[in-house]
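Each residue of the sequence shown is one higher than the one before, starting from 1 at the first, in full-length UniProt numbering.
For each residue, glycine too, the CB sits at the ideal point set by N, CA and C.
All of these numbers come straight from a predicted model, not from anything done at the bench.
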Amino acid sequence: MALLGAFAGTIVDRTSIKRLMIGADLFIAAVSLTLVFGSLRGDLSVTAVAAVLFVRALGSTLHTPAFNALTPLMAPPEALGKLAGMLQFMQSGSYIIGNAIAAVIYPAFGLTFMIALDVAGAVLASIAVAVSGIKTPVPERHALEENAEASRRAVRAFLSETADGYRELKRHRGLFAMLWIGFAFSVLFSPISALFPLMVFDHFGGTTTQSAIAEIAFSVGMIAASGWIGVTGGLRNHALSCALAIALFGAATLASGLVPPSALVVFLGLTFAMGLSSPLYSAPQMALMQERIDPECMGRVFGLYGAVCSWAMPVGLVASTLFADAIGVSACFVLIGAAMVILAGITWTIPSIRKIG
């Protein structure tokens, strides 16, 4: 996703979004089907699973910006904030429900059946989009080039269109600043999920059940906040919402690192607060872009944003691994939380960000 995200947005803007979403889902289903066959033969290796996950990500790289670009084509600008909240609500709910279903299905039916369900879900999603009344504009067709020089021109045109997405985002100074704030937030945010189990086990001396409860508390917080946004639209000032969300997440993370080992219940409450802050950032941030970006460049902008944030994840994970080994997990939470609070302050001191709010 990090390597191809920016180029995927150009493909989205060149293609019928509806057809692209169907194609991406069917591609994901076909790739997952290879795991089913491998599992049935009994020769499913870790390398094969990693390779399939990598190839599946190609489908997601196309599907995600296509879906985000579709929403403003179907809904009025004043409803985009609520729709972003509803989407977050469904994603958070599906996470909890999916884990519960997996806990029942895996012991009873095994891995092969679970992967087959994933394939069936992708196929059903494709059918749902195909039979829906969604109408998307058909972009200008790009003719296939038959000689080397013409092919080079086509490649240059493709790269130029990709760069147009960057220029469109840079034209909106506040959104461009939010891109790099999002990168910094993703660098700090990405280690948290990896450090959660270590925090429960190492700092609190907890069990796997208590670690799962912490994950559920985070998801319940996400559901509560996204449900509120879906009903009310959230704060009218979307930029302020993003800054406050970063501050809330940072304060909860910092406090988590200071909680004594005997106060696991307090940590669970703080994970709920972290979950609350996540949709308060992501939903308004998405609505800001959907409200202001030219629909013809929407796919490229979302592809670029996704690519930048995807690069942030490995950076954050590598850095957190080094720090966790050197100073301990609880100290990592304190440092990450403090950095987030500082980032929130920086966010609100940028005039162009305050202006778009």
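{"Query": "Beta-carbon proximity check, residue 112 vs residue 39, cutoff 8 Å", "Result": "yes"}
{"Query": "Nonlocal neighbours in the same chain, by C-beta distance under 6 Å from residue 336, ignoring five residues either side", "Result": "188, 253"}
{"Query": "Span separating the alpha-carbon of residue 20 from that of residue 66", "Result": "7 Å"}
{"Query": "Collapsed DSSP secondary structure at residue 68 in the structure displayed", "Result": "helix"}
{"Query": "Outcome for residue 204 when other beta-carbon atoms lying within 10 angstroms are tallied against a minimum of 16", "Result": "buried"}
{"Query": "Closest residue to residue 350 among 178, 91, 96 (Cα-Cα distance)", "Result": "178"}
{"Query": "Extent of the continuous alpha helix (DSSP H) to which residue 242 belongs", "Result": "238 to 258"}
{"Query": "DSSP-derived helix/strand/coil call for residue 172", "Result": "coil"}
{"Query": "Environment of residue 143 [buried if 16+ CB atoms lie within 10 Å]", "Result": "Because the pLDDT at residue 143 is just 48, under 50, the model does not fix this residue reliably, and the value given afterwards should be weighed accordingly. Residue 143 should be labelled exposed."}
{"Query": "Rounded C-alpha distance that separates residue 105 from residue 36", "Result": "15 Å"}
{"Query": "Environment of residue 74 [buried if 16+ CB atoms lie within 10 Å]", "Result": "exposed"}
{"Query": "Spatially closest choice to residue 333 from 231, 235, 193, 315, by CA coordinates", "Result": "193"}
{"Query": "Proximity of residue 272 and residue 220 at Cβ, strictly below 8 Å", "Result": "yes"}
{"Query": "Limits of the alpha helix (DSSP H) - the one that residue 280 falls within", "Result": "264 to 292"}
{"Query": "Whole-number beta carbon distance between residue 344 and residue 246, since they are thought to touch under 8 Å", "Result": "4 Å"}
{"Query": "Boundaries (first-last residue) of the alpha helix (DSSP H) holding residue 205", "Result": "That residue, residue 205, is in no alpha helix (DSSP H); it is neither H nor E in DSSP."}
{"Query": "Proximity below 8 Å, CB of residue 81 to CB of residue 284", "Result": "yes"}
{"Query": "Contacts around residue 68, its chain only, beta-carbon distance under 6 Å, and the 5 residues preceding and following it disregarded", "Result": "302"}
{"Query": "Check whether residue 12 and residue 299 have beta carbons under 8 Å apart", "Result": "yes"}
{"Query": "Cβ pair residue 31, residue 55 closer than 8 Å", "Result": "yes"}
{"Query": "8 Å Cβ cutoff met for residue 256 and residue 270", "Result": "yes"}
{"Query": "Ranges of the alpha helix (DSSP H) found wholly within the segment 35 to 96, counting only runs of at least 4", "Result": "46 to 74"}
{"Query": "Nearest-angstrom Cα separation, counted from residue 206 out to residue 172", "Result": "47 Å"}
{"Query": "Option nearest residue 77 by Cα separation, candidates 185, 110, 119, 290", "Result": "290"}
{"Query": "Minimum C-alpha distance to residue 325 - residue among 202, 42, 159", "Result": "202"}
{"Query": "Cα-Cα separation between residue 265 and residue 354, rounded to whole angstroms", "Result": "37 Å"}
{"Query": "Simplified DSSP state of residue 316, which is helix, strand or coil", "Result": "helix"}
{"Query": "Where the alpha helix (DSSP H) containing residue 332 begins and where it ends", "Result": "329 to 349"}
{"Query": "Residue burial classification, residue 109 (beta-carbon count within 10 angstroms, cutoff 16)", "Result": "exposed"}
{"Query": "Range of the contiguous alpha helix (DSSP H) that encloses residue 134", "Result": "Unbroken run through residue 134: none, as it is neither H nor E."}
{"Query": "Check whether residue 70 and residue 28 have beta carbons under 8 Å apart", "Result": "no"}
{"Query": "Top-ranked residue by Cα proximity to residue 330, from 114, 314, 44, 198", "Result": "198"}
{"Query": "CB contact flag (residue 168, residue 25, <8 Å)", "Result": "no"}
{"Query": "Residue 85 versus residue 208 - alpha carbon distance", "Result": "31 Å"}
{"Query": "Closest Cα partner of residue 164 within the set 14, 321, 320, 323", "Result": "14"}
{"Query": "Exposure label - residue 50; buried when at least 16 CB within 10 Å", "Result": "exposed"}
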